[in-house]
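If you're matching them up, the sequences are chains A and B in order. Okay, so the first sequence: first residue is 92 according to our numbering, each after it adds one. Okay, so the second sequence: first residue is 92 according to our numbering, each after it adds one. For every residue, glycine included, the Cβ atom is placed at its ideal position computed from N, Cα and C.
Protein chains: 2
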Amino acid sequence: MARQSASAAPLAAKWRKLAEARCAEKGERLTPARLAVYAEMLACNRPLSAYELIALLEQRQGRKIAPLSVYRHLDFLMRNGLVHRLQSAQTYLPCDHPDHPHESQFLLCSSCGHVDEVESRGLETLLSQIADEHGFRPDDTVVEIKGVCGTCAVEDSH
Amino acid sequence: MARQSASAAPLAAKWRKLAEARCAEKGERLTPARLAVYAEMLACNRPLSAYELIALLEQRQGRKIAPLSVYRHLDFLMRNGLVHRLQSAQTYLPCDHPDHPHESQFLLCSSCGHVDEVESRGLETLLSQIADEHGFRPDDTVVEIKGVCGTCAVEDSH
DNA sequence: GGAAAAAAGGATATGTTATAACGTACTTGC
DNA sequence: GCAAGTACGTTATAACATATCCTTTTTTCC
């Protein structure tokens, strides 16, 4: 088993390979600093604000990290389809299936904080139709459904 | 014609009446300060950030206004279905048809800044279905389509 | 009318999210 | 090596939002 650098979160080979592939496609450089941010997000496995992420990275690396650095890394990761931004919460979440470019829809549980990333072709088609009817050329579509997930709904009823 | 107070934007009777009706339904008080914020937003007729709104109100009223006041008024107006928040832009926009409670979808033009508020029952049904399939009980759904509106697309091609 | 309660609003400070401006260092390709 | 482009560090600041505390206004109830 390969030793993990002390200053980065462990990152499963699966995710690293996918990330490398996505970046290679576009000729983008997946540097250690960028990978460290990505690894931290995957390790945490919940939506993080940029400043939560800074705190985690600072703890992990034992040094100060400027907000701007993290924002740049987040931009990079989003540009390459590895991370999504939850617009309504102003938080960031690693993509669940970064094997291909896609638009996602999110189910955000207000009780446990869990976020489900779903991909509905039917919904995307309908959204395109709506845009079309209004003579609108869409670029990027945000769909975020806030509510209570199944697990929490069951617990609530007890 | 009734004289308009010097310290508030003019507000068409149509909008005032609708606002009064919405608030009366819920036993909420549509005070002058709240109405002034609403009037300013309607007068401006484009999405405004909270701080843009503060600046406009300060100019109009010739006095300092604390951010918190405006945020409170915005909360009130949103709670009563008179104003929407555009999550992806962190701006606020008066509702286009505040005659009934509803969820809206937005088409945001990145070129001219215009926002179209649409209401698609088909889309809402589909979103409910998607939530249902995942055992999710939705509460509030954000749909924001960013792109280029018809008018701007035509101009671009010249 | 007048006291108590509730709602709204003002003032000051602070917390949170994001970007600007500028310089340095590290690739890449010739 | 050297020029060009990209990444990244540092400091400062802009932009967005809320906390706390207190005063004023409105409502309610007697």
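For the pair the region 111-123 of chain B and the region 207-217 of chain A, tell me if three or more CB-CB distances fall below 8 angstroms.
no
Buried or exposed by the 16-neighbour rule on C-beta atoms within 10 Å, applied to TYR142 of chain A
Exposed, because fewer than 16 other Cβ atoms sit within 10 Å of the Cβ of TYR142 of chain A.
List, in chain order, every chain A residue whose beta-carbon is nearer than 8 angstroms to that of ALA99 of chain B.
None at all; the shortest Cβ gap to chain A is about 31 angstroms.
Give the range of the beta strand (DSSP E) segment to which LEU198 of chain B is assigned.
196-200
Considering Cα atoms alone, identify which of A:TRP106, A:CYS243, A:PHE227 is closest to PRO229 of chain B.
Residue A:CYS243 holds the alpha-carbon nearest to the alpha-carbon of PRO229 of chain B among A:TRP106, A:CYS243, A:PHE227.
At a Cβ threshold of 7 angstroms, is THR232 of chain A touching chain B?
yes
Drop a sphere of 10 angstroms on the beta-carbon of ARG94 of chain A, count the other beta-carbons inside from all chains shown, and report buried for 16 or more, exposed for fewer.
Only weak support exists for where ARG94 of chain A lies, its pLDDT of 44 falling under 50; the value from the coordinates is given anyway. Of the residues assessed, ARG94 of chain A falls on the exposed side of the cut-off, its CB having fewer than 16 other CB atoms within 10 angstroms.
Three or more beta-carbon pairs under 8 angstroms between the region 223-240 of chain B and the region 224-238 of chain A, yes or no?
yes
Who are the neighbours of ARG125 of chain B on chain A, taking C-beta pairs under 7 angstroms?
Under the 7 angstroms cutoff, chain A gives no residues; its nearest Cβ is about 24 angstroms from ARG125 of chain B.
Find the residues of chain A that neighbour LEU229 of chain B, judging by a C-beta separation of less than 9 angstroms, and give them in chain order.
A quick correction: the sequence has Pro, not Leu, at residue 229 of chain B. Those within 9 angstroms of PRO229 of chain B in chain A are LEU198, ILE236, LYS237, GLY238, VAL239.
With DSSP collapsed to three states, give me the class of ARG107 of chain B.
helix
In the DSSP assignment, find the alpha helix (DSSP H) that holds LEU139 of chain A and state where it starts and stops.
LEU139 of chain A -> no alpha helix (DSSP H), and no H or E assigned at all.
Considering only residues of the region 169-214 of chain A, which uninterrupted beta strand (DSSP E) runs meet the minimum length of 3 residues and lie entirely inside it, listed in chain order?
174-177, 182-185, 196-200, 206-209
Within 10 angstroms of its Cβ, does MET92 of chain A collect 16 or more other Cβ (buried), or is it exposed?
Bear in mind that a pLDDT of 45 at MET92 of chain A, under 50, signals an unreliable position, so the number given afterwards is only what the model happens to contain. Here MET92 of chain A is exposed: its Cβ has fewer than 16 other Cβ atoms, across all protein chains shown, within 10 Å.
What residues in its chain sit with their C-beta under 6 angstroms from that of ASP247 of chain A, if we drop five residues either side in the sequence?
Hits under 6 angstroms: none found.
For LEU139 of chain B, I'd like the list of residues in its chain whose CB is within less than 7 angstroms of its CB, leaving aside the five on either flank, ordered along the chain.
Here the set comprises MET132, THR182, TYR183.
Between which residues of its own chain and GLY153 of chain B is the CB-CB distance below 8 angstroms, once the five residues before and five after are set aside?
SER98
Local Cβ density within 10 Å of GLY172 of chain B, reported as buried at 16 or more and exposed below that:
buried
Residue nearest to ASP190 of chain B in terms of C-alpha spacing, selected from B:ILE156, B:ARG163, B:ALA104, B:LEU109
ASP190 of chain B has its Cα closest to that of B:LEU109, out of B:ILE156, B:ARG163, B:ALA104, B:LEU109.
Beta-carbon of ASP207 of chain B versus every beta-carbon of chain A: anything under 7 angstroms?
yes
My understanding is that GLY241 of chain A touches PHE227 of chain B, with C-beta atoms under 8 angstroms, so please give their C-beta distance in whole angstroms.
6 angstroms
CB-CB under 6 angstroms to LEU102 of chain A, same chain, minus the five flanking residues each way: which ones, in chain order?
ALA130
Using a Cβ-Cβ cut-off of 7 angstroms, state whether ARG212 of chain B counts as contacting chain A.
no
Within the 7 angstroms Cβ cut-off, does HIS193 of chain B reach chain A?
At least 7 angstroms separates the CB of HIS193 of chain B from every CB of chain A.
Who does THR216 of chain B pair with in a DSSP beta bridge?
Beta-bridge partners of THR216 of chain B (DSSP): none assigned.
Compare the C-beta of LEU217 of chain A against all C-beta atoms of chain B and say whether one is closer than 7 angstroms.
yes
Taking just the CA atoms, how far does SER179 of chain A sit from ASP187 of chain A?
One C-alpha to the other measures close to 19 angstroms.
Spatial neighbours of SER201 of chain B within its chain, please: CB distance less than 8 angstroms, with the 5 preceding and 5 following residues excluded, ordered by chain position.
LYS237, GLY238, VAL239
Return no unless some Cβ of chain B is closer than 7 angstroms to the Cβ of GLY226 of chain A.
yes
Measuring CB to CB, does VAL209 of chain A end up less than 7 angstroms from HIS164 of chain A?
no
Through-space distance from ARG125 of chain B to LEU147 of chain B, alpha-carbon basis
14 angstroms
Straight-line CA distance for GLU194 of chain A to ASP207 of chain A?
If you draw a straight line from the Cα of GLU194 of chain A to the Cα of ASP207 of chain A, it is about 14 angstroms long.
If I follow the unbroken alpha helix (DSSP H) through THR122 of chain B, where does it start and stop?
It is not in any alpha helix (DSSP H) - THR122 of chain B carries neither H nor E in the DSSP assignment.
For a contact defined as C-beta to C-beta under 9 angstroms, what are the partners of ALA141 of chain B on chain A?
Those within 9 angstroms of ALA141 of chain B in chain A number zero; the least Cβ separation is about 15 angstroms.
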